[in-house]
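Worksheet for the structure shown next.
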Amino acid sequence: MTLIETLASVRPGTALADAMEKRAEILRLSEAAHDAVVLPRDPGGLSLGLRAALAARMARQNRNAALADHYDTLVARADEPATAPLADPEATVTEPRVAEIVRHADRLTVAPRDATQAHIEALRQVGVTDADIVRLAELAAFVNYQVRVLAGLKLMGEMR
Amino acid sequence: MSEVVHTFTTTVPRWQPYVVPVDFAAATEEQHAAMQTTPSNKGISPYVLTLAHDPETLAVRSPLFNLIMYGKDGLASSERELGAVAASIVNRCVYCAAVHASRFTAQTKRSDVIDAIFADGLNATIDEHLQAIFDFSAHLSPTPPEATTADVRALADVGLNELEVLDLVLSSAIFGWANRLMHTLGEPIKD
Numbered sequence: 000m001t002l003i004e005t006l007a008s009v010r011p012g013t014a015l016a017d018a019m020e021k022r023a024e025i026l027r028l029s030e031a032a033h034d035a036v037v038l039p040r041d042p043g044g045l046s047l048g049l050r051a052a053l054a055a056r057m058a059r060q061n062r063n064a065a066l067a068d069h070y071d072t073l074v075a076r077a078d079e080p081a082t083a084p085l086a087d088p089e090a091t092v093t094e095p096r097v098a099e100i101v102r103h104a105d106r107l108t109v110a111p112r113d114a115t116q117a118h119i120e121a122l123r124q125v126g127v128t129d130a131d132i133v134r135l136a137e138l139a140a141f142v143n144y145q146v147r148v149l150a151g152l153k154l155m156g157e158m159r
Numbered sequence: 000m001s002e003v004v005h006t007f008t009t010t011v012p013r014w015q016p017y018v019v020p021v022d023f024a025a026a027t028e029e030q031h032a033a034m035q036t037t038p039s040n041k042g043i044s045p046y047v048l049t050l051a052h053d054p055e056t057l058a059v060r061s062p063l064f065n066l067i068m069y070g071k072d073g074l075a076s077s078e079r080e081l082g083a084v085a086a087s088i089v090n091r092c093v094y095c096a097a098v099h100a101s102r103f104t105a106q107t108k109r110s111d112v113i114d115a116i117f118a119d120g121l122n123a124t125i126d127e128h129l130q131a132i133f134d135f136s137a138h139l140s141p142t143p144p145e146a147t148t149a150d151v152r153a154l155a156d157v158g159l160n161e162l163e164v165l166d167l168v169l170s171s172a173i174f175g176w177a178n179r180l181m182h183t184l185g186e187p188i189k190d
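Following this line, the structure appears as structure tokens:
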């Protein structure tokens with residue numbers, strides 16, 4: 000079962016369960032996307048611990064506690080003391096590169112409409128490569144997709 | 000002269016990245032493989048070359064995007080496009096809104112819906128059926144999401160079945176993804 004199906008816990012035999020069965024390939028690709036952004040073979044300059052902590056942070060900013068719990072298990076598995084506290088949306092770091100990455104991750108999650116070219120330049124200034132800027136955008140974009148699929152499925156489940 | 004487009008329009012601009020895209024000729028085998036399928040089958044654009052910086056994600060994202068937006072049966076294609084437009088209004092992705100509003104208009108052969116949405120944004124008043132779709136997607140798009148069971152009830156009331164509502168959830172959500180790439184990694188240019 001994919002993560003979205005596990006967290007949605009849709010009751011078998013319902014119309015929603017049937018609809019999800021019809022969209023099984025989408026759920027499978029969503030799971031593959033999760034692995035590509037959170038557990039990539041090549042993490043580039045964004046460590047697995049940082050990715051998991053930012054994903055947990057984004058889930059919390061979206062008020063999805065169950066999804067945050069999932070990412071917390073990946074934070075624990077990565078065992079990176081420097082980045083693990085970032086799973087808390089209130090936490091910040093002083094190291095300039097990671098601090099800028101966190102600021103941008105927060106913006107991408109909470110107010111993507113406010114993003115400008117100046118923010119990309121600020122990331123470059125502290126040594127974030129263009130490839131890592133794209134990886135960070137994909138991470139935030141995916142988690143926010145996942146949050147909305149889960150939110151929609153929860154509402155549909157509550158309609159019964 | 001080229002200028003950045005800041006207002007919603009159905010004239011599709013050119014998307015210009017803020018980062019340096021991957022050089023196709025110098026791309027790795029994995030990057031080439033990830034560019035085999037492109038979103039909306041639009042070819043290898045500066046957007047795809049930008050996303051090729053993360054080939055693992057791109058290789059999954061393009062087929063996922065295409066399946067959600069162009070998959071068979073379920074919600075009408077134009078209504079998926081309307082879900083995409085609503086998300087793009089919330090996230091202010093002018094480029095995404097232009098592309099998907101144009102598709103909605105081309106498929107439905109009517110321009111009044113998009114005219115109303117571009118004029119009044121999230122407060123737009125449109126036909127009851129389309130209003131329920133637009134409002135659901137608009138309410139799902141903020142952080143945290145604000146959609147309620149009343150929004151889902153409104154979809155059922157205008158006749159959407161379970162599969163169609165699921166398709167709307169997915170098309171709205173995938174634009175929570177697309178908007179966060181297109182609006183933050185580059186900008187729309189009118190040449």
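Chains C and V are the protein sequences, given in the same order. Start counting the first sequence at 0; every next residue gets the next number (numbering that gives the first Met the number 0). Start counting the second sequence at 0; every next residue gets the next number (numbering that gives the first Met the number 0). We treat Cβ as the ideally placed atom computed from N, Cα and C, and that holds for glycine.
Under 8 Å by Cβ, that's how I've got residue i and residue j pegged, so tell me the actual separation to the nearest angstrom.
i: residue 172(V); j: residue 147(C); result: 4 Å
i: residue 71(C); j: residue 90(C); result: No, residue 71(C) and residue 90(C) are not in contact; Cβ-Cβ is about 13 Å, not under 8 Å.
i: residue 106(C); j: residue 117(C); result: Actually they do not touch by this definition, with Cβ atoms about 11 Å apart.
i: residue 36(V); j: residue 61(V); result: 4 Å
i: residue 157(V); j: residue 131(V); result: 5 Å
i: residue 169(C); j: residue 175(V); result: Residue 169(C) falls outside the range modelled here, since chain C spans only 0 to 159, and no answer is possible.
i: residue 97(C); j: residue 86(C); result: About 13 Å; that fails the 8 Å criterion.
Excluding sequence positions up to five away, which residues of its chain have a Cβ less than 7 Å from the Cβ of residue i?
i: residue 21(V); result: 30, 48, 51 and 52
i: residue 137(C); result: 36
i: residue 164(V); result: 151 and 154
i: residue 152(C); result: 7 and 9
i: residue 67(V); result: 169, 170 and 173
i: residue 139(C); result: 57, 104, 107 and 108
i: residue 26(V); result: 51
i: residue 141(V); result: 89
Under three-state DSSP, which class holds residue i?
i: residue 120(V); result: helix
i: residue 88(V); result: helix
i: residue 71(V); result: coil
i: residue 125(V); result: coil
i: residue 88(C); result: coil
i: residue 189(V); result: strand
i: residue 2(V); result: strand
i: residue 13(V); result: strand
i: residue 49(V); result: helix
i: residue 19(C); result: helix
i: residue 196(V); result: Nothing about residue 196(V) can be reported from this structure: the residues present for chain V run from 0 to 190 only.
i: residue 124(C); result: helix
i: residue 44(C); result: coil
i: residue 59(C); result: helix
i: residue 51(C); result: helix
i: residue 39(C); result: coil
i: residue 76(V); result: helix
i: residue 44(V); result: coil
i: residue 7(V); result: coil
i: residue 160(V); result: coil
i: residue 76(C); result: helix
Is residue i near residue j, with beta carbons less than 8 Å apart?
i: residue 58(C); j: residue 67(C); result: yes
i: residue 127(C); j: residue 12(C); result: no
i: residue 113(V); j: residue 105(V); result: no
i: residue 91(V); j: residue 112(C); result: yes
i: residue 40(C); j: residue 55(V); result: yes
i: residue 85(V); j: residue 133(V); result: yes
i: residue 137(V); j: residue 98(V); result: no
i: residue 155(C); j: residue 28(C); result: no
i: residue 202(V); j: residue 4(V); result: Because residue 202(V) is not part of the residues shown, which for chain V are 0 to 190, the question remains open.
i: residue 125(C); j: residue 157(C); result: no
i: residue 189(V); j: residue 1(V); result: yes
i: residue 143(V); j: residue 62(C); result: yes
i: residue 60(C); j: residue 93(C); result: no
i: residue 184(V); j: residue 142(C); result: no
i: residue 167(V); j: residue 78(V); result: yes
i: residue 187(V); j: residue 94(V); result: yes
i: residue 32(C); j: residue 59(V); result: yes
Heavy atom of the ligand PLP less than 7 Å from the Cβ of residue i, yes or no?
i: residue 18(C); result: Ligands are entirely absent from the displayed structure, and the ligand PLP is therefore not among its contents.
Output needed for residue i: all residues of its chain with C-beta closer than 6 Å, excluding positions within five of it in sequence on either side, in chain order.
i: residue 125(V); result: 112 and 115
i: residue 128(V); result: 157
i: residue 65(C); result: 6
i: residue 80(V); result: 99, 102 and 103
By Cβ distance, which residues of its chain are closer than 8 Å to residue i, with the 5 residues on each side in sequence left out?
i: residue 4(C); result: 19 and 26
i: residue 78(C); result: 48
i: residue 147(V); result: 138
i: residue 24(V); result: none
*Would you list, in chain order, the members of the region 39-69 of chain V that have their beta-carbon closer than 7 Å to a beta-carbon of chain C?*
Taking 7 Å as the Cβ-Cβ cut-off against chain C, the residues of the region 39-69 of chain V that qualify are 49, 50, 52, 53, 55, 56, 59, 60, 62, 63, 66 and 67.
*What residues in the region 25-39 of chain C bring their beta carbon closer than 8 Å to a beta carbon of chain V?*
25, 28, 29, 31, 32, 35, 36 and 39
*Residues of the region 71-98 of chain V with a CB closer than 9 Å to any CB of chain B: list them in chain order, please.*
In summary, chain B is missing from the structure at hand, where the protein chains are C and V.
*For the region 89-123 of chain C, enumerate the residues whose C-beta is nearer than 7 Å to any C-beta of chain V, in chain order.*
107, 108, 109, 111, 112, 114, 116 and 119
*asked:* Using a Cβ-Cβ cutoff of 9 Å, what residues of the region 145-167 of chain V are near chain C? List them in chain order.
replied: 146, 147, 148, 150, 151, 152, 155, 160, 161, 162, 163, 164, 165, 166 and 167
*Taking a cut of 9 Å between CB atoms, which residues from the region 168-182 of chain V lie near chain C?*
168, 169, 171, 172, 173, 174, 175, 176, 177, 178, 179, 180 and 182
*the region 36-67 of chain C: which residues have C-beta closer than 9 Å to a C-beta of chain V, in chain order?*
36, 39, 40, 41, 43, 57, 60, 61, 62 and 63
*Check distances from the C-beta atoms of the region 130-143 of chain V to those of chain C and list, in chain order, the residues that come in under 8 Å.*
139, 140, 142 and 143
*Under 7 Å (Cβ pairs) to chain C, residues found in the region 8-31 of chain V*: Going along the region 8-31 of chain V in chain order, one finds 17, 18 and 19 with a Cβ nearer than 7 Å to chain C.
_Can you pull out the residues from the region 114-128 of chain V whose beta carbon lies closer than 7 Å to at least one beta carbon of chain C?_
none
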